[in-house]
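To start, the structure itself, in structure tokens.
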Amino acid sequence: MTKQLNLPEIEEEVQRYWEENSIFQRLCEMRKAGKKYYFCQGPPFTTGYAHIGHAWNHTIKDLVIRYKTMQGCDVFRRAGWDMHGLPIEVKVEQEVLKSRSKKEIEEYGIDNFIRECKKFAIQNMHAMTRQIKRLGIWLDWDDPYMTIDKRYMEGVWFGIKKAHEQDLLYTDRRVIHWCPRCETAMAGYEVRDEYRDVTDPSIFVKAKLADREEFILIWTTTPWTLPANVAIAVHPGYGYVRVRVGGEILILAEELIEVLEKTGREYEVLSKFKGSELEELKYEPMLNIPIQRDFEHKVVLAAELVTLEEGTGCVHIAPGHGVEDEAVGVKYDLKKLSPVDASGRFTIEPYREIYVRNANKIIINDLENSGKLFKEETVFHRYPHCWRCKTPLILRTTNQWFLAVSKIKERLLEKNEEIQWVPEWIGSGGDSRFENWLSNAEDWCISRQRYWNTPLPVWKCECGNIEVIGTIDELVEKAAQDIDIETLDLHRPAIDRITLKCECGKEMHRVKDVMDVWLDSGCASWANLGYPYKKENFNALFPVDFITEGSDQTRGWFYSLLVSSVISFDSIAYKQVHKYGADTFRFYMLWTTAPWEDLRFSEEGMQAIGKMLNILWNTYSFARNYMDIDGYEFDKDDPGALEIEDKWILSKFNSLALEVTDGMDKVYLHDAVRPVYDFVLELSRWYIKLVRDRVWIESSDPRKVSVYYTLHTILMGLCRLMAPVTPHLAEYIYRDMTGEESVHFTGWIKADEKLIDKKLEGDMAMAQKIIECALAARQEADIKLRWPIRKVTVTPKEPLDINGTRDIILKMANAKELSIENVEVQLIAKPNFASIGPKFKG
């Protein structure tokens with residue numbers, strides 16, 4: 001037997017044993033008759049090596065899956081990989097093409113780019129599989145679902161077809177967040193968590209009224225949007241002022257007049273009035289450029305947009321470059337200008353081909369030269385960036401495809417109530433994070449102007465007809481070309497070459513867009529099961545019993561899962577390892593942080609768990625060595641002569657089993673793991689010390705048998721409790737002590753509540769405190785433990801009965817006598833002569 005614990009070595013040995021003996025496959029077969037339990041893997045992006053987040057996430061999943069399996073469930077646990085989207089494209093652009101634009105991709109060839117993306121995704125899938133398997137994660141790795149598989153993509157098409165049939169799919173030209181580097185649209189939820197601190201211009205600009213020598217003072221941090229200005233918004237109920245500054249009259253909100261004070265210029269308030277009096281006033285363009293000519297610029301009222309928090313209370317409106325501006329534009333039927341192309345460059349003179357952020361300074365100079373610039377500063381603020389390439393986003397008007405989430409918002413909220421969220425405050429209840437998100441959900445922009453995603457299954461004819469394809473069979477039936485299903489590739493550019501016959505007689509061509517990568521994983525709950533191509537697993541398993549991801553996924557995968565499944569079915573969906581060993585890593589991640597919190601990783605924490613597992617190993621070694629010496633054979637019906645310490649630790653263990661089971665059932669996984677840590681330490685530091693001398697007596701002595709019985713019972717029980725957390729170590733110890741094939745073939749342990757004695761546990765807890773105090777007193781007096789002391793005196797605040805644990809206290813404290821005494825405390829007042837002496841001449 002190994003004398004010193006070497007977890008990496010043991011884990012490799014155990015994994016070889018699992019592989020050679022098909023333990024995982026046989027376990028799955030053994031549970032076939034059990035209750036069906038559907039776990040849906042949230043697919044990781046195959047963008048590189050597995051990181052600590054993947055390890056933590058998969059450990060949580062594996063813990064719950066192993067627990068359910070030990071309870072007898074037949075768990076569907078297919079591994080899955082998210083292999084499309086910008087995460088892959090950006091990596092291939094950086095590492096293979098060394099490119100920075102779509103133009104370079106198209107020069108390289110879309111088919112070549114797609115081939116490189118596929119190669120990159122598959123290579124990383126294999127690498128990440130090896131890394132995650134090394135943690136002992138038991139998923140079906142032999143048949144993972146891949147979002148690039150045509151049958152999986154068919155499942156995504158099925159969801160879009162369902163949306164179309166319910167009039168939830170539509171196209172519109174509207175303002176959307178746009179990445180000028182990736183040259184694609186972004187949905188709102190992709191933007192909200194990707195704000196970064198940047199420094200931008202902060203300028204105050206004068207807009208001259210058309211009929212008088214007065215100026216409305218506006219403020220903006222995006223000078224590049226001024227070429228698209230069509231209006232100025234004011235609040236109808238706020239107070240505004242006309243102010244003379246130098247030789248000019250400016251108009252701004254009264255409460256924001258400090259803008260003028262900060263310039264150090266003298267000013268005179270000429271009049272005060274409500275913002276409503278400014279409505280319909282016309283003003284001259286702030287920039288004298290072609291796009292700003294030949295239409296009226298006017299003041300409009302927008303109480304929902306204008307605030308007094310910053311600026312001037314007069315807001316520059318560019319409906320082509322702002323979501324709120326667009327709404328104001330619709331309300332007042334304003335002109336919509338968006339003179340910026342996909343790469344973020346102007347399409348109009350005099351700024352043509354200039355990148356918008358680079359144009360800021362040029363536009364500011366033009367304003368200054370024309371006398372329109374009142375003040376220029378900089379502002380340090382939060383600004384949205386691309387979630388994959390980290391480029392600052394812009395808002396521009398484009399044609400996109402949307403899912404009308406707003407139409408099903410109430411249904412989403414109803415269905416969310418059917419989901420059991422852990423913890424509840426994240427997902428359900430009136431003020432939960434997810435419910436608040438659903439309540440404010442906007443229509444989902446699902447189209448992307450990229451390449452390596454599931455293509456949008458929409459074909460359009462120049463006559464205006466559209467066709468939405470939901471299955472491969474439907475595509476084969478309606479295609480103008482003969483299609484070989486075996487060789488069919490649904491990716492671009494192959495899918496772009498397939499046309500359909502329109503009823504008007506002309507050809508229908510596929511809309512070139514691909515779809516939001518989150519739709520891929522959002523359809524996992526059925527596409528993972530092969531639906532709609534195969535229906536057997538879907539009919540048996542849907543909807544999902546268990547999913548888990550980081551709390552950031554409330555607005556990512558969890559949201560896309562719920563929206564996709566409600567639309568489709570009106571249903572809910574759902575180097576450290578080498579150093580310390582996978583089991584140490586697994587236990588630490590579950591022990592240190594609740595699953596819904598951000599992972600706190602520390603070297604010290606890993607070392608603490610490594611030390612605890614080493615203590616468990618030493619306890620096992622102690623028991624195994626002495627049992628071997630005495631030839632002990634475990635007999636569950638012969639507990640020997642159980643003494644008080646045996647009864648105590650058996651009671652503690654069965655209380656532990658109840659606590660761990662409760663934590664697992666509630667999916668409060670940290671509450672299931674932390675008590676195990678405490679118990680292992682207590683088992684070694686107290687029980688082993690108490691019984692060490694009992695293993696030195698004759699082998700047949702019932703007092704010795706009871707120690708072996710107790711240790712065997714607890715160690716085997718711990719193996720079963722810890723098998724979902726530390727599967728390698730539990731397997732090794734269990735097989736070594738029982739000779740059986742696998743701890744994972746056993747069922748989940750049930751506490752023997754007849755052995756639980758809470759009074760005894762309380763008495764022992766008090767005894768431990770007394771012993772610890774006695775040892776501390778020894779240390780303070782510099783008396784070593786090997787020297788017996790005559791007497792330990794305990795002075796409790798309340799009556800104390802320690803007769804049952806008296807012998808244990810005397811033994812552990814190495815004392816001859818234990819006395820319980822009630823010491824009376826007397827208060828005695830003594831004068832401070834140093835203070836009162838001089839006063840009394842003392």
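What the sequence shown shows, in the working numbering, is residues 1 to 842, in sequence order.
Note that CB positions come from ideal geometry on N, CA and C, so glycine has one too.
Just so we're clear, the structure is a prediction, and the values are computed from it rather than from any experiment.
Closest residue to Leu529 among Pro543, Thr726 and Ala327 (Cα-Cα distance): Cα-wise, what sits closest to Leu529 is Pro543.
Residue range of the unbroken beta strand (DSSP E) whose run includes Ile218: Element bounds for Ile218: Glu214 to Thr220.
Helix, strand or coil at Phe158 [DSSP, three-state]: In this structure, DSSP gives Phe158 a helical state, which the three-state scheme calls helix.
Sheet register partners of Tyr283 (DSSP bridge): For Tyr283, which the question treats as bridged, DSSP gives the partners Leu209 and His297.
Beta-ladder partner(s) of Tyr37, from DSSP: DSSP lists Val75 as partners of Tyr37.
Neighbourhood of Lys666 by C-beta distance below 6 Å, restricted to the same chain and skipping five residues each side: Counting only Cβ-Cβ distances below 6 Å, and skipping sequence neighbours, we find nothing.
Three-way DSSP call (helix, strand, coil) for Ser343 in this model: Three-state result, Ser343: coil.
Cys461 versus Glu507: straight-line alpha-carbon distance, rounded: So the alpha carbons of these two residues sit roughly 6 Å apart.
Given 8 Å, three or more beta-carbon pairs between the stretch 763 to 780 and the stretch 789 to 801: By the Cβ criterion, the stretch 763 to 780 is in contact with the stretch 789 to 801, since at least three pairs of Cβ atoms, one from each stretch, lie closer than 8 Å.
Chain C contact for Glu304 (CB, 8 Å cutoff): Judged by its chain identifiers, the structure shown contains no chain C, having just a single protein chain.
Distance CB(Lys150)-CB(Ile483) smaller than 8 Å: No, they are not a contact pair.
Chain-order list of residues whose beta-carbon lies under 7 Å from that of Cys117 (same chain, five-residue window excluded): Around Cys117: Ile88, Glu89, Val92 and Trp452.
Tyr189 burial status per 10 Å Cβ neighbour count (16 or more: buried): Here Tyr189 is buried. Its C-beta has 16 or more other C-beta atoms within 10 Å.
Among Thr171, Leu97 and Lys647, the one whose alpha carbon lies nearest that of Leu760: Minimum Cα distance to Leu760 is reached at Lys647.
Spatial distance of Asn440 from Val405 (CA atoms): Asn440 and Val405 have their alpha carbons spaced roughly 10 Å apart.
Pair within 8 Å by beta-carbon distance, Ile289 and Pro227: Going by C-beta atoms, Ile289 is nearer than 8 Å to Pro227.
Proximity to Lys409 [Cα-Cα], best of Cys73, Trp444 and Phe204: Selection Cys73, Trp444 and Phe204 evaluated against Lys409 yields Trp444 as nearest (Cα-Cα).
Given 8 Å, three or more beta-carbon pairs between the stretch 809 to 822 and the stretch 781 to 798: These segments touch.
At least 3 beta-carbon pairs within less than 8 Å: the stretch 28 to 37 vs the stretch 102 to 112: Touching, no.
Trp787 in three-state terms, based on DSSP: DSSP places Trp787 in coil when its eight states are reduced to three.
Neighbour-count burial assignment, Leu785, 16 or more Cβ in a 10 Å radius: Exposed.
Cutoff 6 Å; reference Tyr351; Cβ partners in own chain excluding five residues on either side: Taking C-beta separations shorter than 6 Å and ignoring five residues to either side along the sequence, the partners of Tyr351 in its chain run Ala359, following chain order.
Glu89 (DSSP reduced to helix, strand or coil): DSSP places Glu89 in helix when its eight states are reduced to three.
Ordered list of alpha helix (DSSP H) runs contained in the stretch 627 to 711, each at least 4 residues: You should have 644 to 666 and 669 to 682.
Buried or exposed by the 16-neighbour rule on C-beta atoms within 10 Å, applied to Phe380: By the 10 Å Cβ count, Phe380 comes out exposed.
Opposing strand residues paired with Tyr355 [DSSP bridges]: Answer is Arg345.
DSSP bridge partner residues for Thr397 (one or two, in chain order): Val175.
Buried versus exposed, by CB contacts within 10 Å (16 or more), Gln854: Because the chain here runs from 1 to 842, residue 854 falls outside it and cannot be looked at.
For Lys206 and Leu86, the rounded distance between their alpha carbons: When rounded, the distance between both Cα atoms is 42 Å.
Contact under 8 Å by Cβ, Cys502 with Cys179: In this structure, Cys179 does not lie closer than 8 Å to Cys502 by Cβ.
With 16 other Cβ atoms within 10 Å as the buried cut-off, status of Phe273: By the neighbour-count rule (16 or more Cβ atoms within 10 Å), Phe273 is not buried but exposed.
Distance between beta carbons of Tyr283 and Lys208, contact taken as under 8 Å: Contact flag correct, Cβ pair sits at about 6 Å.
Environment of Cys869 [buried if 16+ CB atoms lie within 10 Å]: Beyond the ends of the chain as shown, which are 1 and 842, falls residue 869; an answer cannot be given.
Opening and closing residue of the alpha helix (DSSP H) in which Met83 lies: No alpha helix (DSSP H) contains Met83, which DSSP labels as neither H nor E.
Residue from Ala730, Glu417 and His670 with nearest C-alpha to Asn614: The shortest Cα separation from Asn614 among Ala730, Glu417 and His670 belongs to Ala730.
Anticipated Cβ contact below 8 Å, Leu403 with Val191, distance rounded: With a Cβ gap of about 17 Å, Leu403 and Val191 do not count as contacting.
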